[in-house]
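Colleague: Mind looking over this structure? Questions follow.
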Amino acid sequence: MGRATAKAPMDRSEAALNAPLFRLLADQLDTAGRRIVLDLGAASTPMLSMLGRCRCLVEIADLGCDGGIGRLNVEAPADALASIAESLLPEHRQGDAVDLVFCWDMLNYLRPEAITALMSAVARRARPDTLAHALIVYSERSMPDRPGRFVPTEDWKLVDHAVPAATIEAPRYSPEFLGRIMGGFAIESARLLANGMQEFLFRLKH
Amino acid sequence: MFERGKKDEGLDEGADYRSATPARAQDPGGSKAPAKSGECAVIGRSIEINGDVRGNEDLRIEGDVSGTVELRNSNLTIGKEGKVRADVYAKSITVDGTTEGDLYASERIVVHISAHVRGNITAPKVGIEEGAKFKGSIEMDQAAVEKALGKVNMQGAAKPMGDRSPGKPVDPKIGQKDMGKEAASGLNSPSGVR
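So the sequence lines, in the order shown, correspond to chains A and B.
Following the numbering used here from start to finish, the first sequence increments by one per residue and tops out at 1023.
Following the numbering used here from start to finish, the second sequence increments by one per residue and tops out at 1325.
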């Protein structure tokens, strides 16, 4: 995305972030029973703890691993990007349609065309009404040069465990723009968080 | 082919297992006898296996294995040098190396920071150390785990699973040598319980 700068990195590590929409999702998971959850980021034991209690099947894409973000951000025709996006998702198990998607701040690191390809690929393996949760850099003009490692705390807040790094320019996608590029997912609700990020819930349209 | 080492003793990183005497040659009691307590077999770094690996004793893989690995009642460690392209069935699996294939364990699976795992994990307890590379699905639901293990004829593996509680994450810092101590230490309790 943007060019790296020498500016001091935005510090969002180790501070537990109150994310009401995530809390809402967690509460629903507690009562909804078994779900299939796709996490576009890396696996973490706290996340497995949370989802294991709800008997969830967890699919881990870990797009930040092995250059996945760079591969998605290439300038290529839509069908080529669709193939790349499909290859970066975990092998789809027949009959296991996704119910919930955790994007965390992964979308901040993708070009609009890459977001469309990725979320369209996710939509193809998801049930109607599937929810996607995302954290978008909104107030700050810069962001760390790599995605955070957000993990849930015991009281359903989110902590970024990423090591502080250099910063790059943030795309600061607006809600209106995101609503047009999310590959079939429409904005359900949004909240501005204390760290200047905006928390989004998207719902897959029928 | 299989080399035997004292578990967690003499298996230090960088140790040269290639010079060890093959385990079967040391075993006058019969080739089907399981290892003595505290010992495990080792597939050394220079060993490459294409085919099925089956056994009834703990095993550490530092070499290359393609095919199927089935250790119904035993623990498997895939060391940092180990490369496994196989579906793996064991009582417990600890991964420090590279795997491509599905991992099934009747007790637990731990993926350490040096690991690179691509495939699906099925076990009642799973731990992923922060920084480990993993892409695939994780199934910890007890009923689903039993169903999956039943499908691969693992009903006889380990003790019966009477606990129908939800799946539990494992502290990935627990090593092989700590197996059996987790109940006393309480390290296996879900950390995310409100």
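By construction, the Cβ of each residue, glycine as well, lies at the ideal position given by its N, Cα and C atoms.
1) I need the DSSP call for Q1015(A), collapsed to helix, strand or coil.
2) Output the residue ranges of the alpha helix (DSSP H) runs that lie fully inside the stretch 1227 to 1283 of chain B and measure 4 residues or longer, sorted by chain position.
3) How far does the beta strand (DSSP E) with T1208(B) in it reach, from first residue to last?
4) Between which two residues does the beta strand (DSSP E) carrying E903(A) extend?
5) Cα separation between R1216(B) and L1234(B)?
6) Does chain E have any CB closer than 7 Å to the CB of D1189(B)?
7) Measure the CB-CB distance between V954(A) and M1014(A) and report whether it falls below 7 Å.
8) Quickly, what does DSSP pair N1181(B) with across the bridge? List them, please.
9) If you count every other CB in all the chains shown that lies within 10 Å of the CB of D946(A), and 16 or more means buried, which is it?
10) Per DSSP, which residues does D847(A) bridge with? Please list them.
11) Out of curiosity, what's the CA-to-CA distance linking A938(A) and R1191(B)?
12) Between the stretch 892 to 910 of chain A and chain B, which residues of the former have CB atoms less than 8 Å from a CB of the latter, in chain order?
13) In terms of residues, what are the limits of the alpha helix (DSSP H) holding E961(A)?
14) CB-CB under 6 Å to T1199(B), same chain, minus the five flanking residues each way: which ones, in chain order?
15) State yes or no: is the C-beta of L906(A) within less than 7 Å of the C-beta of A878(A)?
16) Taking Cβ-Cβ distances shorter than 7 Å, what residues in chain B pair up with V875(A)?
17) With the cut-off set at 7 Å, would you say N1012(A) and L857(A) are in Cβ contact?
18) If you measure between the beta carbons of I1004(A) and P992(A), is that distance less than 7 Å?
19) Nearest CA to the CA of E1193(B): which residue from I1180(B), L1202(B), E1212(B) and E1179(B)?
20) Between G912(A), S861(A) and N890(A), which lies nearest to D929(A) when the distance is taken from Cα to Cα?
21) Note the first and the last residue of the continuous beta strand (DSSP E) segment covering E908(A).
22) According to DSSP, E1214(B) sits in a beta bridge with which residue or residues?
23) Between A860(A) and I1259(B), is the Cβ-Cβ spacing less than 7 Å?
24) In this structure, how does DSSP classify L924(A) when only helix, strand and coil are distinguished?
25) Measuring straight from C-alpha to C-alpha, what distance separates A902(A) and M923(A)?
26) Would you kindly work out how many angstroms separate the C-alpha atoms of A1221(B) and C1171(B), rounded to a whole number?
27) Is the beta carbon of R963(A) less than 7 Å from the beta carbon of A982(A)?
28) Identify whether P969(A) lies in helix, strand or coil by the three-state DSSP scheme.
29) Quick check on the burial criterion: 16 or more other C-beta atoms within 10 angstroms. Buried or exposed for H950(A)?
30) Count the other CB atoms within 10 Å of the CB of G1228(B); is the residue buried (16 or more) or exposed (fewer)?
Modeller: To lay it out plainly:
1) One-based indexing of the first sequence puts residue 1015(A) at position 198. Reduced to three states, the DSSP call for Q1015(A) is strand.
2) 1273 to 1282
3) Working through the second sequence from its first residue, we reach residue 1208(B) at position 77. From DSSP, the beta strand (DSSP E) with T1208(B) extends over D1195 to I1209.
4) Translated into positions along the first sequence, residue 903(A) becomes position 86. Per DSSP, E903(A) belongs to no beta strand (DSSP E); it is in the alpha helix (DSSP H), A895 to L905.
5) Within the second sequence, residue 1216(B) is the residue found at index 85, counting from 1. Within the second sequence, residue 1234(B) is the residue found at index 103, counting from 1. Approximately 11 Å between the Cα atoms of the pair.
6) Absent from the structure is chain E; the protein chains it does hold are A and B.
7) For this step, residue 954(A) is matched to residue 137 along the first sequence. For this step, residue 1014(A) is matched to residue 197 along the first sequence. Yes, Cβ-Cβ distance for V954(A) and M1014(A) is below 7 Å.
8) In the second sequence, the residue the question calls residue 1181(B) occupies position 50. Partner(s): S1197(B).
9) The residue given as residue 946(A) occupies position 129 in the first sequence. Burial call: exposed.
10) Counting from one through the first sequence, the residue named residue 847(A) turns up at place 30. DSSP, once it has assigned bridges, lists no residue as partnering D847(A).
11) Residue numbering aside, residue 938(A) sits at position 121 when the first sequence is read from its first letter. Residue numbering aside, residue 1191(B) sits at position 60 when the second sequence is read from its first letter. A938(A) and R1191(B): Cα-Cα distance of roughly 38 Å.
12) So the list reads P907, E908 and R910, given in the order they occur along the chain.
13) Taking the first sequence and counting its residues from 1, the one referred to as residue 961(A) is at position 144. Residue 961(A) is actually Pro in this sequence, not Glu. Unbroken run through P961(A) is the beta strand (DSSP E), S959 to P961; no alpha helix (DSSP H).
14) Translated into positions along the second sequence, residue 1199(B) becomes position 68. Once the five neighbours on either side are set aside, the close Cβ partners of T1199(B) are D1183, A1217 and D1218.
15) Indexing the first sequence from 1 puts residue 906(A) at position 89. Indexing the first sequence from 1 puts residue 878(A) at position 61. Taking 7 Å as the Cβ cut-off, L906(A) and A878(A) qualify as a contacting pair.
16) Taking the first residue of the first sequence as position 1, residue 875(A) is located at position 58. S1268 and I1269, listed in chain order.
17) If you number the first sequence from 1, residue 1012(A) lands on position 195. If you number the first sequence from 1, residue 857(A) lands on position 40. Not closer than 7 Å, so no.
18) On the first sequence, position 187 is the one that residue 1004(A) refers to. On the first sequence, position 175 is the one that residue 992(A) refers to. Yes, these two residues count as a Cβ contact at 7 Å.
19) On the second sequence, residue 1193(B) is found 62 positions in, with the first residue counted as 1. The shortest Cα separation from E1193(B) among I1180(B), L1202(B), E1212(B) and E1179(B) belongs to E1212(B).
20) The residue labelled residue 929(A) in the question sits at position 112 within the first sequence. The residue asked about is misnamed: residue 929(A) is Pro in this sequence, not Asp. The candidate whose alpha carbon is nearest that of P929(A) is N890(A).
21) Here residue 908(A) refers to the residue found at position 91 when the first sequence is read from its first residue. Careful: E908(A) lies outside any beta strand (DSSP E) and carries neither H nor E.
22) Translated into the one-based positions of the second sequence, residue 1214(B) becomes position 83. One point to set straight first is that residue 1214(B) is Lys, not Glu, in the sequence displayed. Under the DSSP definition of a beta bridge, K1214(B) partners with D1195(B) and T1229(B).
23) Position 43 of the first sequence holds residue 860(A). Position 128 of the second sequence holds residue 1259(B). Taking 7 Å as the Cβ cut-off, A860(A) and I1259(B) qualify as a contacting pair.
24) Start at 1 with the first residue of the first sequence, and residue 924(A) comes out as number 107. Helix, per DSSP.
25) Reading the first sequence from its first residue, position 85 is the one you call residue 902(A). Reading the first sequence from its first residue, position 106 is the one you call residue 923(A). Taking the straight line from one Cα to the other gives about 13 Å.
26) Taking the first residue of the second sequence as 1, we reach residue 1221(B) at position 90. Taking the first residue of the second sequence as 1, we reach residue 1171(B) at position 40. Using only the alpha carbons, I get a separation of about 14 Å.
27) Along the first sequence, read from residue 1 onward, the residue named residue 963(A) stands at position 146. Along the first sequence, read from residue 1 onward, the residue named residue 982(A) stands at position 165. For R963(A) and A982(A), yes; Cβs fall inside 7 Å.
28) Looking up residue 969(A) in the first sequence gives position 152. P969(A): strand per DSSP, three-state reduction.
29) Working through the first sequence from its first residue, we reach residue 950(A) at position 133. It is buried - the Cβ of H950(A) has at least 16 other Cβ atoms within 10 Å.
30) Reading the second sequence from its first residue, position 97 is the one you call residue 1228(B). Answer is buried; the Cβ neighbour count reaches 16.
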